[in-house]
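Each remark here refers to the structure printed beneath this line.
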Amino acid sequence: MVDQKLIRNTPYDITAPRCPVKTYPGRVINGGHVIIYSRDAEADRAFFRDVLEYPHVDAGGGWLIFKLPPTEVAVHPTDGPETQELYLMCDDVEATVKNLTAKGVEFTQPVTDARWGRLTRFRLPGGGEVGLYEPRHERATDL
Numbered sequence: 003m004v005d006q007k008l009i010r011n012t013p014y015d016i017t018a019p020r021c022p023v024k025t026y027p028g029r030v031i032n033g034g035h036v037i038i039y040s041r042d043a044e045a046d047r048a049f050f051r052d053v054l055e056y057p058h059v060d061a062g063g064g065w066l067i068f069k070l071p072p073t074e075v076a077v078h079p080t081d082g083p084e085t086q087e088l089y090l091m092c093d094d095v096e097a098t099v100k101n102l103t104a105k106g107v108e109f110t111q112p113v114t115d116a117r118w119g120r121l122t123r124f125r126l127p128g129g130g131e132v133g134l135y136e137p138r139h140e141r142a143t144d145l
């Protein structure tokens with residue numbers, strides 16, 4: 003039995019048949035799902051669709067879910083609050099900054115060098131920030 007309260011609070015029909023799932027043999031978890039909370043979700047969705055040109059599906063009612071490039075997860079120690087960040091990776095951070103700046107993207111910090119790569123941050127239309135970096139380390143996405 004489907005909880006009707008869940009259906010009212012969900013932007014898509016959770017009673018619809020599931021799409022086939024691509025699995026990773028021997029693993030119980032077969033993917034990840036990143037959520038960006040935004041004060042202007044429509045503008046941020048348009049940014050991912052039109053500026054970053056990420057492929058997407060419409061889960062219903064214009065609720066877009068985007069395909070990300072191959073992704074890694076890193077766990078860093080902290081003495082501060084436990085948080086999460088989204089960094090998108092590129093092969094050439096200077097060229098990517100130039101390309102996105104030409105599309106009107108606002109960068110909130112200059113490109114800096116770290117032991118593990120070159121990085122910067124840009125603002126989403128809804129006000130949030132996303133990191134961008136050119137890794138110097140071996141990429142887990144190549145495994």
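Our numbering applies: residue 3 is where the sequence shown begins, and numbers increase by one. Here a beta-carbon is modelled for each residue, glycine too, at the ideal position from N, C-alpha and C.
>> Applying the 10 Å Cβ sphere with the 16-neighbour rule, what's the burial state of Thr85?
In response: exposed
> Under the rule that 16 or more other beta-carbon atoms within 10 Å means buried, what is Asp46, buried or exposed?
Replying inline: buried
> Below 9 Å between beta carbons: does that hold for Lys69 and Val53?
Replying inline: no
> In terms of alpha-carbon separation, which member of Cys92, Arg120, Pro72, Leu66 lies closest to Ala142?
Replying inline: Pro72
> What's the gap between the Cα of Pro127 and the Cα of Arg41?
Replying inline: 9 Å
>> So if DSSP puts Pro127 in a beta bridge, which residue, or which two residues, is it bridged to?
In response: Bridge partners of Pro127: none, in fact.
>> Extract the residue ranges of the alpha helix (DSSP H) inside the stretch 16-82, only unbroken runs of 4 or more that lie entirely within it.
In response: 43-48
> Taking DSSP as the reference, what is the three-state secondary structure of Asp93?
Replying inline: coil
>> Measuring straight from C-alpha to C-alpha, what distance separates Arg51 and Ala97?
In response: 20 Å
> Can you name the start and end residues of the beta strand (DSSP E) that Thr143 belongs to?
Replying inline: That residue, Thr143, is in no beta strand (DSSP E); it is neither H nor E in DSSP.
> Pro137: buried (16+ other C-beta within 10 angstroms of its C-beta) or exposed?
Replying inline: buried
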